[in-house]
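The block underneath contains the structure these notes are about, expressed in structure tokens.
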Amino acid sequence: SDLLSKLSSFLHRFQVPGMYRKHIWKLLLDVMDANEDSDPFVSTQQTLHCKDIRRALQLMLYIDDNTTPSKQLVLMFFLEFSELDINIDKQFQTNEVKDLMVISDVLVKEFIDDKNKLDDSIDEMYWLFRNLISSVRLNFFALIDCYEKFVNGLAQEDKSLHHHLVKTGIIRVQPNSTAINGAKRDYKKYNISNYRPIITWFVRFYAGIIDHHCLIRIFDRVVGALIHGSRPFAVLGSVGKAILSHFRTDLLDLNTYEDIAKRLLSPLTLEQSEQVITKALSP
């Protein structure tokens with residue numbers, strides 16, 4: 001709709017005031033319809049749906065009063081989409097689930113502020129989390145394409161650093177997956193383990209890397225761009241370039257896969273995050 005297009009453009013150009021973020025995300029992620037008349041009914045059905053899912057998880061002894069909101073959101077998502085493994089502990093040790101957990105952490109930190117109404121807040125957050133992850137999965141081919149363009153761009157713009165990252169195994173030279181599988185859009189068909197550790201930046205939208213105060217601006221950009229399905233993850237490449245530029249000297253001084261991977265996946269300070277985001281988001 002025209003309203004969603006305007007909101008998308010706004011998120012691309014400006015920082016969203018915190019008090020309006022939840023409402024804007026709900027509209028863009030199709031959690032809430034712009035038609036206010038339908039909202040109370042939809043909201044009630046969503047709440048009932050969440051309570052059914054959480055009750056089922058409680059009966060299966062997967063969640064209790066000590067389960068963190070972040071983990072509850074991920075478990076609810078897995079149950080609804082039939083992705084729960086028998087061995088939950090083992091499942092939550094996989095990189096794929098860790099990716100979801102850090103994204104869930106971002107939503108909890110940003111939007112859950114009333115601990116006295118935690119259950120209601122989790123139900124409300126679930127739909128944002130659910131629709132965000134579902135939209136990302138539908139556009140997963142574009143995320144992989146963004147990563148590959150980022151790597152190819154690095155090879156052209158900074159041959160020394162690219163060579164160093166290839167030599168140490170951080171970047172593995174391989175056929176372009178989106179060129180070979182242009183029609184492949186099922187995220188489950190992609191094995192992204194060969195793209196780690198750098199792909200971890202992309203699939204987590206830099207959660208756990210960029211300080212939260214700056215990170216939420218990246219999430220705003222992604223959420224705003226998803227509705228168009230055209231280059232929804234372009235901002236991720238820009239942030240990646242800014243991080244590599246910021247730590248270029250440090251990276252060239254490190255000579256093992258383990259040391260470089262640790263540097264790439266270490267959290268940035270608020271000051272470092274601000275410098276990176278300013279550079280990445282500048283026109």
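With the UniProt record's numbering, the residue at position 242 of the sequence shown is 242, and numbering never jumps.
For every residue, glycine included, the Cβ atom is placed at its ideal position computed from N, Cα and C.
Approximately 6 Å separates the beta-carbon atoms of L28 and I227; this is inside 8 Å, confirming the contact. Under the three-state reduction of DSSP, I209 is assigned to coil, being neither helix nor strand.
Along the length of the stretch 49-96, whole alpha helix (DSSP H) runs at least 4 residues long occupy 69-80, 88-91, reported in chain order.
Its chain contains R204, A207, G208 as the residues whose beta carbon lies nearer than 8 Å to that of V102, once the 5 sequence neighbours on both sides are disregarded; these appear in chain order. Cβ neighbours of G237 within its own chain (closer than 6 Å, five residues either side excluded): C146, F150. In the structure shown, P283 adopts coil according to DSSP, grouped into three states.
With 16 or more other Cβ atoms from the protein chains shown falling within 10 Å of its own Cβ, G224 counts as buried.
Between D30 and S160, the alpha-carbon positions lie close to 44 Å from each other. Under a 10 Å Cβ-count criterion, L48 is classified as exposed, with fewer than 16 other Cβ atoms of the shown protein chains found around its own Cβ.
Using a Cβ distance threshold of 8 Å, Q93 and D85 do not count as a contacting pair. Put simply, the stretch 103-114 touches the stretch 61-73. At least three CB pairs are less than 8 Å apart.
For the pair of segments examined, the stretch 276-283 was found to touch the stretch 214-221: the number of CB pairs separated by less than 8 Å reaches three.
Rounded to whole angstroms, T67 and I53 show a C-alpha spacing of 15 Å. Sequence-distant partners of D33 (beyond 5 residues in either direction) whose C-beta falls short of 6 Å from its own C-beta are missing from its chain. Fully enclosed alpha helix (DSSP H) runs of no fewer than 4 residues occupy 198-203, 212-226, 234-246, 248-253 of the stretch 197-257, in order along the chain.
In this structure, the straight-line span from the alpha carbon of S273 to that of F202 is close to 16 Å.
By the neighbour-count criterion, in which 16 or more other beta carbons inside 10 Å mark a residue as buried, S5 falls on the exposed side.
A Cβ-Cβ separation of about 7 Å places R196 in contact with N95 under the 8 Å criterion. Taking the C-beta atoms as reference points, L252 is found no nearer than 8 Å to H163.
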